[in-house]
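Each residue of the sequence shown is one higher than the one before, starting from 1 at the first, in the UniProt record's numbering. For reference, the structure discussed in these notes is given below.
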Amino acid sequence: MRLIDTHTHLDFADFDADRPRLLANAAARGVERMVVLGVYQDNFQRVWDLACANEGVYAALGLHPIYLEQHLPEHLAQLRDWLERLRGNPRLCAVGEFGLDFYLPELDPTRQQALFEAQLQLACDFELPSLLHVRRSHAQVIATLKRYKPVRAGIIHAFAGSYEEAREYIKLGFKLGLGGAGTWPQALRLRKTLPRLPLDSVVLETDAPDMAPAMFPGQRNSPEYLPEIAQALAEVIGVDVEQLAKTSTHNACALFGW
């Protein structure tokens, strides 16, 4: 079974003790490629070094809304510099993680929107996919995407919206990132939506070290768990796990140009 983990944070300190073992084990279990996403300016170099040092690891760079208070105006300029310097390098696969988070009340929506649009423009300028964090903000994200109309779309990370919202993203060319959330029986709305999604709209992810699946509760999430996540999601969707693996891998490769 060939799998791609389209969303990880393997640069985080959670993995410092055993990162080489984890990468080797994930590859042995069929996880052929992993995308590591930047979330603030200080971890761009760490993300890039990790991608360059490991076969099958790719980098995305972005400014995450949760770290809004850390982001300075010059960090956007530095992100543009990174994208310019790495233009055409196959190890750079996207802009991300960025987006809107209206769940946390302390994150100013106006500042978030400005940062979101600035990075969306960068993705358009460099013709890179956008890897989007969307929490309690689907309507605003969809409206913004309709205005910008990026030539290369991207992924809605950890999709947990409604079927109607899923249709809007699909019409815009975006893929829906599915991971640990859909394995939990408590995720009633999501588990009702998953069987209605066309398989050609789906990619798989872990969000490691976060969003552990139901079969590994309370544990550090890892790309090593992607086969179990795929099996659980296939059962919810109502397809054979090999079919989900093959189609989601094809979708990811098409999206990233692999």
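A virtual CB, placed ideally from N, CA and C, is assigned to each residue, including glycine. Quantities reported herein were computed from a predicted structural model and do not represent experimental measurements.
- Scanning its chain for C-beta atoms nearer than 6 Å, with the 5 sequence neighbours on each side dropped, one finds around Leu92 the residues Ala59, Leu86, in chain order.
- Nearest in C-alpha terms to Arg2, of all of Leu226, Ala234, Ala232, Gly238, is Leu226.
- When the five nearest sequence neighbours on each side are left out, the beta carbons in the same chain lying within less than 8 Å of the beta carbon of Thr8 are those of Met34, Val35, Val36, Leu37, Glu205, Thr206, Asp207, Ala208, Pro223, in order along the chain.
- By DSSP's assignment, Leu204 forms a beta bridge with Leu178.
- Looking at the DSSP output, Met215 sits in no beta bridge, so it has no partner there.
- Each residue's CA atom was taken as its position, placing Gln219 and Met211 some 9 Å apart.
- At the C-beta level, Glu117 and Tyr148 come within 9 Å of one another.
- Look at Ala123 here: in three-state DSSP terms it is helix.
- Within the stretch 15–69, complete alpha helix (DSSP H) segments of at least 4 residues are found at 19–28, 44–53, given in chain order.
- With respect to the 9 Å criterion, Ile155 and Gly182 are not classified as neighbours on the basis of their beta carbons.
- Non-local C-beta neighbours of Arg189 in its own chain, meaning closer than 8 Å and more than five positions away in sequence, comprise Ala160, Ser162, ordered along the chain.
- Here the C-alpha atom of Asn251 lies approximately 31 Å from the C-alpha atom of His75.
- For His157, the uninterrupted beta strand (DSSP E) run begins and ends at 154–157, by DSSP.
- Ala230 is the residue among Ile237, Ala254, Ala230 whose C-alpha sits nearest the C-alpha of Arg29.
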